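Undergrad: Take a look at this one; I'll ask things after.
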C-alpha cells in the first residue's frame, strides 16, 4: 500500500497528491503575503505555509483544490508541518476525486450497507417499508458517501451511514428491553431521520451547507422527499401511517431551538431523538478523549455545552477501541 | 332580519336554533348532575345551565350539537344567562350547518376575495404566481371559511382570509416605504403563510386541531402542499424561486420555539414574520380593549405575555371602530 | 386468591382492608363536613366520600391509615367510586402493613435481585465492586422495597430496583455497541445512582420526602454513603477510582437545575445520565399511553415538558405489553 | 464638486482633509511601533498604516482628530488602503468640523424636517402637541444632526431624524389600516421616542455614550425632559394625557432586557415598539445585503440574533434602491 | 385598651367597627347568593360569610368599606370565622379612617422617623442632602404611612419606612466593613429608593397600584421627583452628583426583568440593590416561618422562587423575635 | 526591607528571584521563537519577552518556575515591561518557595486567625462547634494560606481566610439587625462554606483546579469532610443539627447553575449565600475600580455579568481604602 500523508516521519521528504482543506491568505508585518494551507488525505491533516505568495497564488491554491506537493515533514513548536518545496494544481483529467482525500468512517461501506439492509427487513409495515426502500434506492450513492455533519460529529466519508447504523444497533437493544415499542417505526425513523443531509450538505469533501440546507434544513427536506415519494408510489397521502413517519423525521431534533418544527409526540419519536443525540454525543466525546492524554481533561467540547471530559489514568477500554478521526 | 341570540334583552323569551359551543357535566354538592352549556349563534355566545341532567343528556347535548332552545334571557351576577325551558337536538335533515352558528369576520367574504385577488395580480414572478393561484383554487372553500386559529386571534368564520387580507394591506404600506423589498415575494408569502391551517384545523365551528395539525403543523403542511403543487405543475423542484417561497412559509413564525424550523433569512421573510405577529397582536389587544371599560386595564392577554392593556378614559378612535368578536 | 379492590364490579358489595392513600376534609355549601378519601390496595385505587364527618373523623381517617371498609362499588360520572356503609381503623396488632396496599413493580423482587447480582459480577474493579457489594448489603431491604420516586415514574413498590435493573439492561446494549466504554464503571454507577433514595424517601407507602431528602438530596446522600463506606473498608480516600465513582453519582442528573452539583465529565457519566433519563421517560410515556384510548393524545405529561403523546390507532406492541400502574 | 475619499482609484495620489475615525497603536514583532488608522469623510472610510510611529504620534493622531493627508490609494489583499506620504493635524481655526467627515442619511435634512412637521400637524391633542413642539424646538439642532445609534443601525449623520421619519411613514400605513389606533398618540410617540439620544450620545462624529447615556439611558432621559417641559409649560403633571405620553417613551424598547422599565400597555405603545424594531431591522438587513454578493449570505448580523441573510440571485428591488452606508 | 378583632375567643360575641379588606360575591349550587368577606382591623384578619346577599348588598359591602359588625367568633375547620348577626356601613362623618384598620409595622413611626433623620445627618454631599431633605419633607405624611408593597413584603402600615430603616442599619454595617464605600451616597440611595411608592400605590389600606404605578413605576417616578426637585432647588441639572443619585434609584432593582432600566454601575448602587433584596427576603422568609410549625416546611414563598423554608425543631432565636404580620 | 519587583522604576536595573506566573511560546512572522513571560513576586506582576528562545527554553522556563532574573524595567506602550539580560532557574535547594512570590491578602494571617477564633467562641451549639474546631485544626495550614479562588476574587495568598473573615463581619451586622437569625449556625456556615477549596485548588501559587475540584467540587468536598469528621467524633450521623450544617454548605452557592445541589431552605442558609455573593462582588468591583481612572468606566467585570462600573470623579472613600491586588 502507498504511503499516505501521516505515514511520513519528521525529516522525510515526499511527493504526494493532497487536498487543500483550507487556504488563507495572510501577510507578515513587513507586508509580505503568504498562504496558510491545511493539507489532507484519507490519513489525516497537516499544515504548511506557502511563502511569498501572490494574489494569483491565493486564487490558484484555494480551499478544495487538489495539488501535487513536493516537500518535507518537519516539527515546529511540537506540531508537525510541511515545508513546501514546490506545488502544482492537479488537472481534472488526472483521475483524482475530492472524496479520496477525506477520512472515512471506521467501518466499510459494503458491510454497513449489508447490515442496514438486515434492519430494513424487519420493517413490517407496508407504507414504511416501501418509502424506506424507495428513498434508500433513490439516494443510495450519496447516503453511503456523505458525512453526517460539517464538523460536530461523524464528519467523515460514510459518516452518515455509520451514524445511522450505530443508531440502529442502539435501537435494537432498547426495543428488546421495552417491548411496548413499535420496532418497525423506530427502525424506519432511524434510517430516514438524517437522509435529508444528502440535500443539506454539499458532499463528503470540503463540506458546506447548500442554500436549501440553510433555508429549509434536513428535517423538512426529508419530509418533502417522503411526500413526493408517497405521491409517486400512489400511497394515501392522508393515511395515519404516513403521518407517523413524517412526525418521526420532523421531530427528531427533540427541541424547537434545534430546528424541530414539532416536539416528539410518539414514544418511538422520543426514542429516535434520544438515540440520535446519544450516538452523536458518544462519538464527539470519544473522539475528543482519543486526542487527550490520560489523567487530563479534553478541550471544551462545543457540542456538549462546552464541557471538558476527563480521561482516567487507567483506561483500557478506550485504549483498545478503534480510532474515529 | 330574524332576531339572533344577542338581540334579546333581559326577561325576553325566545325559541332559537343554537350551537352548543361547549358542554360540561358537573354535579352539585348534594350530588345532583347538571350541564353547563355555552350556546352560540353568529351574534355571539351566552351561557346556561341544564338542571337535573342524566348521563344520557350529557351524551345528547354534547359540544358541537345543534339544538332548538326554548327559554328566557336573564341577568345573573351582572352577566347574561339563559334559563332553559326545553331543548331538543336538531336533526341532520333540518338544514342547519355548524358554520351558521359561528361569529364571522368583520368584512364580507366576497369583498375579501376580490381584494385579495387584486394583490395576486401584483405577484409578477411566474413560479410564485402559479403556485399561489393553484393553491388558492385548490383550497378556495376552506380558505375563506376557516378561522385563523382556535382561540388566540381571528378565531371567527373567515378569520383566516381576514387576517391574510389585513396583512396584505400592511405589506403594501411597508413595501411603499422600503423600496428594496421584493413586493411579489412578500405578497405571495402573506397569502400562503397560514394556508396550511385548512389542514391543521377541523373547521370554523367548534374548532380543534387535527392529528396532522398536532404532529406536522401548518408551516410544514403548506410547505408540503407547495412541493406537491410544484410537482403537479411540473415546475423545477430545485429552482431558487421555489426555495425562496418555501423559506417564506417555513420561517414565518420567526422563532424556533413557535415551531419555525428555520429563522427568517430573507428581508421579505423577516417582514412577513413581523407583519403576521403585528396583525395578530393588534387583533388580540383590540378585542380585549373592546371588552374593557375606559380608564381600566384588560384582563391579562395570554398571547401578549400576559400583559394587561390600558383603555384610556378619552378613547374616540377605539369607540368608533367596528367590534371584532 | 382473594378478591382485591379493583376486582369488584359496579354494584358489588365488599368488606376489605384498605389503605387511605389520601384524605381531605371538605365542606358542602350548607356547611356540612365530609371526607374525600382515596382508597388503595395492591390492585389500584378508588375514591369515595365519607359524609357527615366530624373533625374527629378527619383525625382518625387520615392519610396513611389502614381501615376496614364495608361498602359498594358504584359508577359516578363515568368513574368508579365507593359508597361507604361503615369504616373502622385497623389496629397495629391485626397484622397489616402499609406496603401491602401499594402497587408493585411488574417484575418479582427475587428475580430482580438475581439479575442485578449477575451484573455485579461483571464489575471487575476492586474498589467499585467492594463498595457496591457493601452498600447493596447495607441497604438490601429498602433497596428492593422502595419506589424510585414520589410520583413521576416508578412510583411503585420495588420501583427503585426495577428502574435500576431496566437501566442495567440498556447499559449492556450500549456497552456492547460502544466498546470504548468502561463497563464496570457504568454498571457500578447504574446500581448506586439512585440508592440514596432509601434516605431521601420515607418508604413505599404514602411516600414523602424526608428532611434529609429535601435538604441534602439523594445524589449527595449516596456520595456520603460511599465515603463512609470507603472509610469503613479502609480504602484510599484519595484514589482516582473512588473519585470516578463519586463523580458518577454526583453528576447523574446531568443538569445543574436538576440538582447535579457537577455535570458529567466522564463518558460513562454521560451515558449513566442518559440511560437514567431515558428509562424514566419510557416509563412515564408508556404509563400515560396505557391510560389513553387509541387514536387520541394523552394528558400533558409534566415530567416530559407537558407534552401530550399520541397513541396510534394500530398499536399492537403497546397492546401486548404488561401494564405498569 | 470636489473629489472625496472614495472617489479616488487605485494608484491615484491625493491631498485631502480627513477625520481619523479610529486610531490604534501597535507594534511589529521586532518592536517597531506603528499606527493603524481608519480615515473617513462623508463618502466613506479607508484604512491606512502610519509606520515608525512614536508615542507622541499616537497622542497627536488620536481618534477624532482632523488631519490633512497627502497619500495614495492602493489595493492590498483585495481591500483598499492608503499609503501615507505625510500627515498633519488641522488646526481649530481652519474651519473644519467633525460632522463634515461623517456619512449622512440618504435624505436631506430640510426635506426631513418639513415632512416631520407635517406629521406634527396631525397631533391633535393639546398636551402632546405642546410638548412635542417644545422639545422639537429645544433640541432642534441635535435632533436633525445626531445618528440614531453608535453602530447598530442609522449610525449616520441625520440618522436619528431619518429613523424617526421612516417610522412615521410606517405609522401612517398602520393607522390607516387599523382605525382603532389613536393616531395623535402614535405620531407623538414616534417623534419623541428616541429624542433622548441627543443626551445619550456625544454627537454624529466618533460617537460615544455619555455618562448619562450609560447610567440613565435615552428612555428615561426623554421622560425627564417631558416632565421638565410640562413643568415649564405649566401643564397638569398628574394628567392622564401626560401619563400616556410618558408611558409611550418609557416602554418603547418593548422588553425589560432592552432597558424598558415598563412593557407596552397601550395599543399605541405596542405599535410604537414594533415600528421602531421593524425600521431598525429593515435598515440593518438592507445595509448588510447591500454589502453582499447575490447568491450568498451576509455576515452574521449581530442586532438580528446573529442571523445571516440571503441575497437572492435575482434581486431587482434591492439593486434599484439607494445605498444606506 | 379596647379589645380588637383578634382579641376575642371562640364563642365570644362582639360589636366592632372593621374594614372589609376583600369582598367577593358567590352563589351556592342552588343559586343563592352570598358574600365572602375578609374583615380586618389593626390586630389582623378573620373571614366571614354574609348569607342571602343581594346584588345591592354586594355594592354596599364592597372591598374597602368600613362597617360595624355585630357577630360572634367561631371555629370552622380549624380556622376562625365570624358568624355575622348584623352589619351596617359606617358613615364618613363617624370619624373612622381606613388606615386604622390595617396592621402596622413592628416599630413606632416617631421612633423610625427619628432614627432615619440620624442617617440623613450623615449624608455630607450638598446635592444629595438637599434633595433627600426636600423629598422627605414633601412626602412626609405618605412616606411614614404607606406599605412597601401590595402583598409580597412589608405590606403593613408604615412598612415603607420600616423597610427603609432596616436597610439603613444593614448599610451601616457594610459601610463599616468596606471603607471604600461612599457612605453618603449609599444612605441617600436607601432613603429615596422606594419613595416613588407613594405615587405607585394607593395607600396603606386595600392597597392597589395607581395607573402611574402600572405605567411608569416607582423607579422612574422617584427619578422624575428628583429632577423636578432639582429644578425647584435650582441645582445644576447636568452635575455628576445628580447623575449618581438618579442612577442609584433607577438601577436598584438590579435586574432588567424587575423593571430597572439600567443595571447597577456604581459600587454603591450594587450594594443598594443587594441590601434592598436581602431585607425583603429576610422579611418574607421570617414572616412565613412565623406561621409555620417547628420541624416542618413553610408553604412555597413566591417571592423566593417558590422555595419552602424549614423551621428547625430547636429554634430559639425565631421564637424570641417579634411577630411581623 | 528588600526592594521587590514593583519597587523599581523605569530604567532601573535589578537582580531578583521571581516566579514565572505564565509562560507562552510564540513565534515572529519570520519564524523566530520567543517566550512571553509573566513575572511575579509578592508585590505584583510585570511582563517580559525572552527573545530567540528554543523549545528547550520553553520547557525550562515554564509556568510555575522560580527564576533569578537580571534585567531592567522599561516602559513600553504605556505599560511596564522587563528587558531580560539573563535568567536562570533557581534550584530546589536554594530555599525558595512558590508561595513567596504570590500577592497576599491585605490583612495579616495571625490577625485574621485571632479574629476568626473570636467568632468560633460565639458558636454555642455543641455539634457545630466541635465540627468547626475539628476541621479548622485539620486544615489549619491550608486554610490560612490558600486563595478563595483561581482568578475571580480573593485570588491572593490568604484570600480564603480573608474572605471568610470579611463575611463574618458582615454576618455580625446582619445578625444584630435581624434578631430572628441563629447566630451560631450562621457563623459556623461562614467558616466552613469555602473550606472545601483546600481540596478543590492546588494552592496559593499558580493555582489550578484538582481533579476532585473539577469532578466533585468544594461544596460536596466539605460536606464529605463534615460527615467523616462526625464519624470520627462519634456524633449522631442522623441528627438535625448535623443536617442543618450540611445544608448550609451544600446550598451556599444559592443557584443550581452555580453547583449548589440544593437551594437555601433555611433563613441562615439564605443569608450565608447572600453574604458570600456580596463579599465576592464588593471585592471584584473594588479591585476593578482601583485599576480605573476617575470619571471613567472599568473594563467589563466577568463575574458581575460583564457590567462596567463607574468610578466617580470625586471619590474620596475609594482613594483612602487599601489596595486589594
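Residue numbers (UniProt numbering), protein chains in the order written: chain A, 1 to 325; chain B, 1 to 325; chain C, 1 to 325; chain D, 1 to 325; chain E, 1 to 325; chain F, 1 to 325. Note that the Cβ used here is the ideal one computed from N, Cα and C, for glycine as well. Given the structure is predicted, the values throughout are model-derived calculations rather than measurements.
Answer yes or no: do residue 273 (chain E) and residue 254 (chain E) have a C-beta to C-beta separation smaller than 9 Å?
TA: Position 273 of the fifth chain, counted from the first residue, corresponds to residue 273 (chain E). Position 254 of the fifth chain, counted from the first residue, corresponds to residue 254 (chain E). Yes, these two residues count as a Cβ contact at 9 Å.
Undergrad: Taking Cβ-Cβ distances below 9 Å as the criterion, which residues of the UniProt region "Disordered" (301-325) of chain C are in contact with chain B?
TA: Of all residues in the UniProt region "Disordered" (301-325) of chain C, 308 and 310 have a Cβ within less than 9 Å of some Cβ in chain B.
Undergrad: Is the beta carbon of residue 65 (chain A) closer than 9 Å to that of residue 157 (chain A)?
TA: Position 157 of the first chain, counted from the start, is the residue given in the question as residue 157 (chain A). Position 65 of the first chain, counted from the start, is the residue given in the question as residue 65 (chain A). No.
Undergrad: In terms of alpha-carbon separation, which member of B:312, B:238 and B:269 lies closest to residue 286 (chain B)?
TA: The residue labelled residue 286 (chain B) in the question sits at position 286 within the second chain. Answer by Cα proximity: B:312.
Undergrad: For the stretch 235-243 of chain B and the stretch 165-181 of chain B, state whether three or more C-beta atom pairs, one from each stretch, are separated by less than 8 Å.
TA: no
Undergrad: Take residue 280 (chain C) as the anchor and find which of C:111, C:167 and C:52 has the nearest alpha-carbon.
TA: By one-based count along the third chain, residue 280 (chain C) stands at place 280. Of C:111, C:167 and C:52, the residue nearest in Cα terms is C:167.
Undergrad: Using alpha carbons as the reference points, say which of D:225, D:4, D:9 and D:13 lies closest to residue 19 (chain D).
TA: Here residue 19 (chain D) is taken as the residue at index 19 of the fourth chain, counted from 1. Residue 19 (chain D) has its Cα closest to that of D:4, out of D:225, D:4, D:9 and D:13.
Undergrad: Using a C-beta cutoff of 9 Å, does residue 121 (chain E) count as contacting chain C?
TA: Position 121 of the fifth chain, counted from the first residue, corresponds to residue 121 (chain E). With 9 Å as the cut-off, residue 121 (chain E) does not count as an interface residue toward chain C.
Undergrad: For a contact defined as C-beta to C-beta under 9 Å, what are the partners of residue 265 (chain F) on chain C?
TA: Here residue 265 (chain F) refers to the residue found at position 265 of the sixth chain. 214 and 215, listed in chain order.
Undergrad: Would you mind reading off the limits of the alpha helix (DSSP H) that contains residue 262 (chain C)?
TA: Indexing the third chain from 1 puts residue 262 (chain C) at position 262. That residue, residue 262 (chain C), is in no alpha helix (DSSP H); it is neither H nor E in DSSP.
Undergrad: List the DSSP bridge partners of residue 327 (chain D).
TA: The question about residue 327 (chain D) has no answer here: the residues shown for chain D are numbered 1 through 325.
Undergrad: May I have the straight-line CA-CA distance separating residue 206 (chain D) from residue 101 (chain D), to the nearest angstrom?
TA: Locating residue 206 (chain D) in the fourth chain gives position 206, where the first residue counts as 1. Locating residue 101 (chain D) in the fourth chain gives position 101, where the first residue counts as 1. Going by the C-alpha atoms only, they are around 10 Å apart.
Undergrad: Closer than 8 Å between beta carbons: that is the criterion. Which residues of the stretch 167-189 of chain C meet it against chain A?
TA: Going along the stretch 167-189 of chain C in chain order, one finds 169, 170, 172, 173, 174, 176, 177, 178, 179, 180, 181, 182 and 183 with a Cβ nearer than 8 Å to chain A.
Undergrad: So which residues on chain E does residue 256 (chain D) lean against when the C-beta distance must stay under 7 Å?
TA: Here residue 256 (chain D) refers to the residue found at position 256 when the fourth chain is read from its first residue. Under the 7 Å cutoff, chain E gives 256, 257 and 259.
Undergrad: Let's test the definition: count the other Cβ atoms within 10 Å of the Cβ of residue 54 (chain E) and tell me whether it reaches 16, buried, or not, exposed.
TA: Working through the fifth chain from its first residue, we reach residue 54 (chain E) at position 54. Its Cβ having fewer than 16 others within 10 Å, residue 54 (chain E) is exposed.
Undergrad: Counting along the chain, where does the beta strand (DSSP E) carrying residue 76 (chain A) start and finish?
TA: Against the first chain, residue 76 (chain A) aligns to sequence position 76. Taken as a continuous stretch (DSSP letters only), the beta strand (DSSP E) holding residue 76 (chain A) covers 66-76.
Undergrad: Per the contact definition of three or more C-beta pairs closer than 8 Å, is the stretch 112-126 of chain B in contact with the stretch 39-56 of chain B?
TA: no
Undergrad: Answer yes or no: does any C-beta atom of chain B fall closer than 9 Å to that of residue 204 (chain E)?
TA: Numbered from its first residue, the fifth chain carries residue 204 (chain E) at position 204. For residue 204 (chain E), the answer is no, since every Cβ of chain B falls outside 9 Å of its Cβ.
Undergrad: Ignore the nearest five residues each way along the sequence and tell me which others in residue 142 (chain B)'s own chain have a CB closer than 7 Å to its CB.
TA: Stepping through the second chain from its first residue, residue 142 (chain B) is reached at position 142. Closer than 7 Å at Cβ, skipping near neighbours: 198.
Undergrad: Please state if the CB of residue 248 (chain E) and the CB of residue 266 (chain E) are separated by a distance shorter than 9 Å.
TA: Position 266 of the fifth chain, counted from the first residue, corresponds to residue 266 (chain E). Position 248 of the fifth chain, counted from the first residue, corresponds to residue 248 (chain E). Cβ distance < 9 Å, so residue 266 (chain E) and residue 248 (chain E) count as in contact.
Undergrad: Given residue 204 (chain A), which residues of its chain have a CB within under 7 Å of its CB, disregarding the five upstream and five downstream residues?
TA: For the purposes of this step, residue 204 (chain A) is taken as residue 204 along the first chain, with counting starting at 1. Closer than 7 Å at the Cβ level, and outside the excluded window around residue 204 (chain A), lie 99, 102, 145, 146, 147 and 157.
Undergrad: Can you tell me where the alpha helix (DSSP H) with residue 166 (chain F) in it begins and where it stops?
TA: As a first step, residue 166 (chain F) must be located in the sixth chain, where it is residue number 166. Looking at the DSSP string, the run of the alpha helix (DSSP H) that includes residue 166 (chain F) is 159-177.
Undergrad: How long is the line joining the alpha carbons of residue 185 (chain D) and residue 172 (chain E), rounded to whole angstroms?
TA: Here residue 185 (chain D) refers to the residue found at position 185 when the fourth chain is read from its first residue. Here residue 172 (chain E) refers to the residue found at position 172 when the fifth chain is read from its first residue. Taking the straight line from one Cα to the other gives about 47 Å.
Undergrad: Listing by chain order, which chain B residues have their CB less than 9 Å from the CB of residue 244 (chain D)?
TA: Within the fourth chain, residue 244 (chain D) is the residue found at index 244, counting from 1. Under the 9 Å cutoff, chain B gives 310 and 312.
Undergrad: Could you name the residues of the same chain whose beta carbon sits closer than 8 Å to that of residue 220 (chain C), not counting the 5 residues immediately before and after it, in chain order?
TA: Sequence index remark: in the third chain, residue 220 (chain C) carries index 220 (1-based). For residue 220 (chain C), where only same-chain residues beyond five positions count, the Cβ hits under 8 Å are 196, 250 and 261.
Undergrad: Is there a Cβ from chain B that is less than 9 Å from the Cβ of residue 164 (chain D)?
TA: Against the fourth chain, residue 164 (chain D) aligns to sequence position 164. With 9 Å as the cut-off, residue 164 (chain D) does not count as an interface residue toward chain B.
Undergrad: List the residues of chain F whose Cβ lies closer than 7 Å to the Cβ of residue 285 (chain E), in chain order.
TA: Along the fifth chain, one-based indexing puts residue 285 (chain E) at 285. In chain order: 267 and 270.
Undergrad: May I have the straight-line CA-CA distance separating residue 71 (chain D) from residue 11 (chain D), to the nearest angstrom?
TA: The count along the fourth chain starts at 1 and reaches residue 71 (chain D) at position 71. The count along the fourth chain starts at 1 and reaches residue 11 (chain D) at position 11. Going from the Cα of residue 71 (chain D) to the Cα of residue 11 (chain D) covers about 10 Å.
Undergrad: Taking C-beta to C-beta, are residue 263 (chain D) and residue 307 (chain B) nearer than 9 Å?
TA: The residue labelled residue 263 (chain D) in the question sits at position 263 within the fourth chain. The residue labelled residue 307 (chain B) in the question sits at position 307 within the second chain. For residue 263 (chain D) and residue 307 (chain B), yes; Cβs fall inside 9 Å.
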